[in-house]
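Notes for the one structure printed next.
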Amino acid sequence: MSFADPTSDIAFKKIFGNQERRHILISFLNAALGFTGKAAIADLEILAPNQAPHLKDFYDSTLDVRAKDKAGREFIVEMQVEDHKDFGKRACYYSAKAYSQQLRKKGSYANLRPVIFLGILNFSFFDGDDFLTRHLVLNQKTLKQELPDFEFAFIELKKFLKDEAELVDIIDKWTYFIKHAGSLKKAPKVLTKVPEINEAFEIADQHLWTPEELHVYDYWLDRERVRLSALQTAKEKTQAAIKETRAALKEARAAKEKTRAAEKEARAAEKKTKAAEKEARAAEKEARAAEKKLLAESQARQKAEERENKAKADKQRAEAKNLRDKFVAAEAMRADGISDVLVHRYTGIDAAQLDVWIRSGRT
-1 MSFADPTSDI AFKKIFGNQE RRHILISFLN AALGFTGKAA IADLEILAPN
49 QAPHLKDFYD STLDVRAKDK AGREFIVEMQ VEDHKDFGKR ACYYSAKAYS
99 QQLRKKGSYA NLRPVIFLGI LNFSFFDGDD FLTRHLVLNQ KTLKQELPDF
149 EFAFIELKKF LKDEAELVDI IDKWTYFIKH AGSLKKAPKV LTKVPEINEA
199 FEIADQHLWT PEELHVYDYW LDRERVRLSA LQTAKEKTQA AIKETRAALK
249 EARAAKEKTR AAEKEARAAE KKTKAAEKEA RAAEKEARAA EKKLLAESQA
299 RQKAEERENK AKADKQRAEA KNLRDKFVAA EAMRADGISD VLVHRYTGID
349 AAQLDVWIRS GRT
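Sequential numbering of the sequence shown, starting at -1, is according to the working numbering.
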């Protein structure tokens, strides 16, 4: 036995969009939305019931089922396979559009009825681990649902991790059916105990499909394989690009560190050079001071020598003058008839010295 994947266009609408078998959709909606008692859906009308799509219209088909119950509540059930970051906005847009279309030109606001959006996502969209979440408009302080006309519920198949033994609630069983039916060869007993799910398995049995339906389904499978292959290729390319980017960043960081080290060395060398220049200037200053000191000392010695020489010369001149004066006095005394003995006694010049002086021209 081979079952079609309920997440495919044709299988999803064939199972949940059949007016004659609307009790299947009713069971699923009551389970997903937690409707019990008076809130439970007793009956509904499927809007634009399912018709087997033609291959030429395949790209125009949508994966949503719309229905309205006896109370006028409108339900939008959408199966979303591809991950779209703006899916939440699209859900709000669809709900707002369906809500506004209820009001005709002469209609009253009192005639507006709630719109409830149920999205089945084949990807993770919200934070947290819960596979089923409900989103209501609540009063922030009282937490009362005072604006009940908009509700949103989402089933994230990627977060549904239960196996057959863990299926307890009907919504667990419906979610298991939607996620795994396409890969099953036999319907599990835990699921077929629910009449509506058992009937859903019968509808998904491809042996009961028409050739046209099978042809469209095979085309969907091929397109899905191409999509997954493209995603895998894109993922591999992205990972390769990330790897290259990380390597480039690593190289850039290494180059940056190397540059910083070089700059640090350059700053140290510059600092060392400045210190050497400072030392050189200090040494030059000391040399100039020493040179100046030596010059001053040399000049001082020269002046001292000059003074000493001058003093010696003066002394010699004075002594020469004194001696000449003695010779002049001795000659004058001799000329006056004073004896050489007395001359020598008074001048210290003896007769021989006086004669030599006179013969030398009195110099």
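Positions of the beta carbon are idealized from the N, C-alpha and C atoms, including for glycine. Being a predicted model, the structure only gives us computed values, none of them experimental.
Run through DSSP, which three-state label would Ala232 get? Ala232: helix per DSSP, three-state reduction.
Selected residue, minimal CA-CA separation from Leu165, among Gly35, Glu18, Ala318 and Lys191: For Leu165, the nearest C-alpha among the options comes from Lys191.
Proximity winner among Gly117, Glu329 and Tyr107, relative to Arg64 (alpha-carbon distances): Comparing Cα positions, the closest option is Gly117.
Between His2 and Leu212, what straight-line distance do the alpha-carbon atoms span, to the nearest angstrom? Position check: residue 2 holds Ala in this sequence, whereas His was assumed. Each residue's alpha carbon lies about 9 Å from the other.
How many angstroms separate the CA atom of Ile169 from the CA atom of Phe152? Rounded to whole angstroms, the gap between the alpha carbons of Ile169 and Phe152 is 12 Å.
Taking 8 Å as the threshold (C-beta atoms), are Leu45 and Arg20 in contact? Taking 8 Å as the cut-off, the beta carbon of Arg20 is found no closer than this to the beta carbon of Leu45.
Backbone secondary structure at Thr34 - three-state DSSP: In the displayed model, Thr34 falls within coil according to three-state DSSP, outside both helix and strand.
Rounded to whole angstroms, what is the Cα-Cα separation between Arg286 and Ala273? Taking C-alpha positions only, Arg286 is separated from Ala273 by approximately 20 Å.
Can you tell me which of Leu136, Leu141, Phe123 and Lys139 puts its alpha carbon nearest to the alpha carbon of Phe158? Nearest C-alpha to Phe158: Phe123.
Candidates Leu247, Tyr97 and Gly335: closest to Glu72 by CA position: Distance check between Glu72 and each of Leu247, Tyr97 and Gly335 places Tyr97 closest, using alpha-carbon atoms only.
Note down, in chain order, each residue of its chain lying with its Cβ closer than 6 Å to the Cβ of His342, except the 5 sequence neighbours on either side. Contacts found: Asp348.
Nearest-angstrom Cα separation, counted from Ile201 out to Glu154: Cα-Cα distance, rounded: 23 Å.
Test item: CB-CB of Glu222 and Ile22 under 8 Å: A distance of 8 Å or more separates the beta carbons of Glu222 and Ile22.
Which stretch, first to last residue, makes up the alpha helix (DSSP H) that contains His342? Asp338 to Thr345 is the span of the alpha helix (DSSP H), which, as asked, contains His342.
Indicate the three-state DSSP secondary structure (helix, strand or coil) for His82 in the structure shown. Coil at His82, not helix or strand.
Have a look at the DSSP bridge pairing and note the partners of Met77. Its beta-bridge partners are Ile118.
Can you grab the Cα-Cα spacing for the pair Lys11 / Tyr91, in whole Å? Roughly 22 Å separates the two Cα atoms.
For the pair the region 68 to 82 and the region 103 to 115, tell me if three or more CB-CB distances fall below 8 Å. The region 68 to 82, when compared against the region 103 to 115, does touch it at the 8 Å Cβ threshold.
Pull up the CB-CB distance for Tyr215 and Ser6, whole angstroms please, since I reckon it's below 8 Å. About 6 Å separates the two Cβ atoms, so the contact holds.
Just how far apart, CA to CA, sit Thr131 and Thr231? Rounded to the nearest angstrom, the two C-alpha atoms are 32 Å apart.
Mind checking Leu292: buried by the 16 CB within 10 Å criterion, or exposed? With fewer than 16 other Cβ atoms within 10 Å, it is exposed.
Assuming Arg357 is part of the alpha helix (DSSP H), what are its boundary residues? Its alpha helix (DSSP H) spans residues Ala349 to Arg357.
Check whether the Cβ of Ala328 lies closer than 7 Å to any heavy atom of the ligand ADP, and answer yes or no. With respect to the ligand ADP, the structure offers nothing, as it holds no ligand at all.
Whole-angstrom C-beta distance between Leu189 and Lys177, which should lie under 8 Å: About 12 Å separates the two Cβ atoms, so there is no contact after all.
Give me the Cβ distance between Gln100 and Leu110, rounded to the nearest whole Å; I'm assuming they're in contact under 8 Å. Going by Cβ atoms, the distance from Gln100 to Leu110 rounds to 5 Å, so yes, they are a contact pair.
Please report the distance separating the alpha-carbon of Ser296 from that of Glu289. Going by the C-alpha atoms only, they are around 10 Å apart.
Just the Cα atoms here: how many angstroms apart are Ile356 and Ala327? Annotation: Ile356 to Ala327 spans about 12 Å, alpha carbon to alpha carbon.
Neighbourhood of Leu134 by C-beta, 7 Å cutoff - its chain only, sequence neighbours within 5 removed: For Leu134, where only same-chain residues beyond five positions count, the Cβ hits under 7 Å are Gln143 and Glu149.
Buried/exposed call for Leu136, threshold 16 Cβ in 10 Å: Burial call: exposed.
Given Ala281, which residues of its chain have a CB within under 8 Å of its CB, disregarding the five upstream and five downstream residues? Once the five neighbours on either side are set aside, Ala281 has no close Cβ partner at all.
Per the DSSP calculation, Lys66 is bridged to which residue(s)? Note: Lys66 sits in a beta bridge opposite Glu43 and Glu72.
Can you name, in chain order, every residue of its own chain whose Cβ lies under 6 Å from the Cβ of Ala179, other than the five neighbours on each side? Cβ within range, chain order: Phe1, Pro4 and Ala202.
Can you list, in chain order, the residues of its chain whose CB lies under 6 Å from that of Phe26, leaving out five sequence neighbours each side? Here the set comprises Trp172.
With 16 as the cutoff for other CB atoms within 10 Å, does Ser227 come out buried or exposed? Its Cβ having fewer than 16 others within 10 Å, Ser227 is exposed.
Anyone know if the C-beta pair for Lys68 and Phe121 falls short of 8 Å? Phe121 is positioned such that its CB atom lies no closer than 8 Å to that of Lys68.
Taking Glu194 as part of the alpha helix (DSSP H), name the residues at either end of that continuous run. From DSSP, the alpha helix (DSSP H) with Glu194 extends over Pro193 to Ala202.
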